[in-house]
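Undergrad: At position 16 of the sequence shown the residue is numbered 16 (my numbering), and the sequence of numbers has no breaks. Ideal Cβ positions, reconstructed from N, Cα and C, are used throughout, including at glycine. Please read these numbers as outputs of a predicted model, since none were measured by experiment.
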Amino acid sequence: MANVTHKRTGEMLRVLFEILIKKPDGLPAREAIEQVKSKIQLTEYEKGYFDSGRQRFEQIIRFATVDCTKA
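#1: Quick one, which of Q55, S38, M12 has its alpha-carbon nearest E46's?
#2: To the nearest angstrom, how far is the alpha carbon of A71 from that of F17?
#3: Count the other CB atoms within 10 Å of the CB of A32; is the residue buried (16 or more) or exposed (fewer)?
#4: I'd like the span of the alpha helix (DSSP H) that includes D67, first residue to last.
#5: Quick check on the burial criterion: 16 or more other C-beta atoms within 10 angstroms. Buried or exposed for F57?
#6: Drop a sphere of 10 angstroms on the beta-carbon of I60, count the other beta-carbons inside from all chains shown, and report buried for 16 or more, exposed for fewer.
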């Protein structure tokens, strides 16, 4: 994930939290991720896929939220 800066990860998380703050009962992760995806412009790298077949963007945002859930 060297192609994704801390600033970029922060931008993704900010959009995610803007979405979640409007949904106090929460959202399923997949739905929240899809909403973030529709609100930001993905880079070519983020649009790509890992060898596992999972889209990079989805994996990046899922990993980025780990620290948030532990806080």
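TA: The answer reads as follows:
#1: Sequence index remark: in the sequence shown, residue 46 carries index 46 (1-based). Nearest neighbour of E46 by Cα position, chosen from Q55, S38, M12, turns out to be Q55.
#2: Position 71 of the sequence shown, counted from the first residue, corresponds to residue 71. Position 17 of the sequence shown, counted from the first residue, corresponds to residue 17. Answer to the nearest angstrom: the Cα atoms are 14 Å apart.
#3: Taking the first residue of the sequence shown as 1, we reach residue 32 at position 32. Buried is the call here.
#4: Taking the sequence shown and counting its residues from 1, the one referred to as residue 67 is at position 67. Unbroken alpha helix (DSSP H) run through D67: 56-70.
#5: On the sequence shown, position 57 is the one that residue 57 refers to. The C-beta of F57 has 16 or more other C-beta atoms within 10 Å across all chains shown, which makes the residue buried.
#6: Along the sequence shown, read from residue 1 onward, the residue named residue 60 stands at position 60. Label assigned to I60: buried.
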